[in-house]
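Visitor: Residue 261 in UniProt numbering sits at position 261 of the sequence shown, with consecutive numbering throughout. Yeah, the Cβ is synthetic: ideal placement off N, Cα and C, and Gly gets one too. Quantities reported herein were computed from a predicted structural model and do not represent experimental measurements.
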Amino acid sequence: MFKIVKIEKKHDCSVNTMKADQRHATSRLISGYIIDNLRDLRFEVTPAFVMAEMQKLHGLDIRFVYMFYAYVSSISSWNHCRPVIVVGETSLKSKFHGVLVISVSNDANNQIFPLAFGIAKSENNNSYEWYFSQLRNTIGSCENLIFLSDKHQVIAYGIAKVYHESHHRICIYHLEQNLKQRKVKSEVIKLFQSAARVYRRKEFDLYISDIAKVDKNTYDYLMEEPPERWARSCSPRRRYDMLTTNIVESMNSILLEARELPILKMMDFIQVKLQRWFYERRNEVEGTFYDVSYWV
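(1) Using DSSP with H/G/I as helix, E/B as strand and the rest coil, what is residue 141?
(2) Going by other Cβ atoms of all chains shown within 10 Å of its Cβ, with 16 needed for buried, is residue 113 buried or exposed?
(3) So, with DSSP's three-state summary, where would you put residue 272?
(4) Between which two residues does the alpha helix (DSSP H) containing residue 242 stretch?
(5) Short check: CB of residue 106 to CB of residue 82, under 8 Å?
(6) Give a single yes or no on whether residue 194 has its beta carbon closer than 7 Å to a heavy atom of the ligand NAP.
(7) For residue 336 and residue 69, I'd like the C-alpha separation in whole angstroms.
(8) Using 10 angstroms around the beta-carbon of residue 89, count the other beta-carbons present and answer buried if the total reaches 16, otherwise exposed.
(9) Does the beta-carbon of residue 303 have 16 or more other beta-carbons within 10 angstroms, so that it is buried, or is it exposed?
(10) Which whole-angstrom value describes the C-beta separation of residue 154 and residue 125, a residue pair presumed to lie in contact below a C-beta threshold of 8 Å?
(11) Taking DSSP's pairing of strands, which residues face residue 89 in a bridge?
(12) Tell me the DSSP secondary structure of residue 163 in three-state form.
(13) Can you tell me whether residue 289 is buried or exposed? The criterion is at least 16 other CB atoms within 10 Å of its CB, across all chains shown.
(14) Can you give me the C-alpha to C-alpha distance between residue 20 and residue 262, rounded to a whole angstrom?
(15) For residue 116, which beta-bridge partners are listed by DSSP?
(16) Taking 8 Å as the threshold (C-beta atoms), are residue 199 and residue 244 in contact?
(17) Residue 184 to residue 212, Cα distance in whole Å?
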C-alpha cells in the first residue's frame, strides 16, 4: 500500500515522448507504398486495395473479426445476481453490418443487470462459440446456471459447446410469436400460455393434452423442443420467474440509436449509459439500511 502526499503538476515528459507510445501509420508512410499505383491508371486505389497491399508487403491482415467487452462492475457483482443469463442479438445499422450480442441478468431489485457485450461480423457457430468462451473466461460459471434465449440454433450451439453443464431455456414469448406466424388459433395459444406458466406438472399435463386434442400439428411442433426447455413446471432447475427475454429486448431498445454509430462510438455510448446506471444505483443502495434479498 502507498499514499500520495504531494503531486507536482509539471510534466517532465516531452510531447514527442508521449506520442512515441501511441504511434500511428502516417499518410506519408502509406502514400510511400501506393504512390506508384496512383500514377498507374490501370489501378483503382480503393480501401480494399490498400488493405491488400499492406497484407502483401507486411503480412498485416486488416480485418475486423470479433470484439468482446465487460465492465469490472458487472464482473464483480455477477455473484450477487440470480443464476439466469438472458442472451440476445441485434443487427448493427452502421456501415459495418455486424451483430451485437448482449448478455444481461436481473439484479435483486428486478432491474436490468448488463453482463457483457460482443460484436461479430455475422451470426454463425464460430462466432457464438467464441463469444461464450470469452464470457466464461470473464465471469466463469456457477451452480444451477440457466441461459435463456430465443430459439436461435447458433446460440444453442455456443452454449452447448462452452457451458455444457448449464441448462438452456427458450423464451416463451418467441415461441408464442412462432405459433402466431403458423396461424395457430387464439384458443390454442391461450392453452400454450397456461401450459408454459403453470407451476405444477399435473396442470401442465392437462393443458398440453388439451392442445393435442384441439390441434395435433401445434402439439407436435411444441414437442420438437423438450418441455423442460420452455415449461416452468418441467424445468429441473429454478427459473426465478424469468420466462422471456424481455430484459434483453429492453436493452436492445435502449441501444437503438447507438447501433447506427461506428463500433468505437457505440462502445462509448454503452459505457456512458452503464456508468450512469451504476452511479445512480450505488447512491440509492448506500442509502438503504435493510436487507433487500438473499442475493445481496
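Guide: On the basis of the data shown:
(1) Three-state DSSP puts residue 141 in coil, outside helix and strand.
(2) Classified as buried, residue 113 has 16 or more neighbouring CB atoms from the shown chains inside 10 Å of its CB.
(3) Residue state, collapsed to three classes: helix.
(4) Segment: none, residue 242 is in no alpha helix (DSSP H) and carries neither H nor E.
(5) The answer is yes: Cβ separation under 8 Å.
(6) Ligands are entirely absent from the displayed structure, and the ligand NAP is therefore not among its contents.
(7) There is no way to answer for residue 336, as the model of the chain reaches only from 1 to 296.
(8) Here residue 89 is buried. Its C-beta has 16 or more other C-beta atoms within 10 Å.
(9) Because the chain here runs from 1 to 296, residue 303 falls outside it and cannot be looked at.
(10) About 6 Å separates the Cβ atoms of residue 154 and residue 125, confirming a contact at the 8 Å cut-off.
(11) Bridge partners of residue 89: 101.
(12) Of the three classes helix, strand and coil, the one that applies to residue 163 here is coil, per DSSP.
(13) Exposed, by the Cβ-count rule.
(14) Low local confidence applies: a pLDDT of 46 at residue 20 is under 50, so the model's placement there is unreliable, and no value is given.
(15) DSSP lists 103 as partners of residue 116.
(16) Annotated as distal: residue 244 and residue 199, with beta-carbon spacing of 8 Å or more.
(17) In this model, residue 184 and residue 212 are separated by some 13 Å (Cα to Cα).
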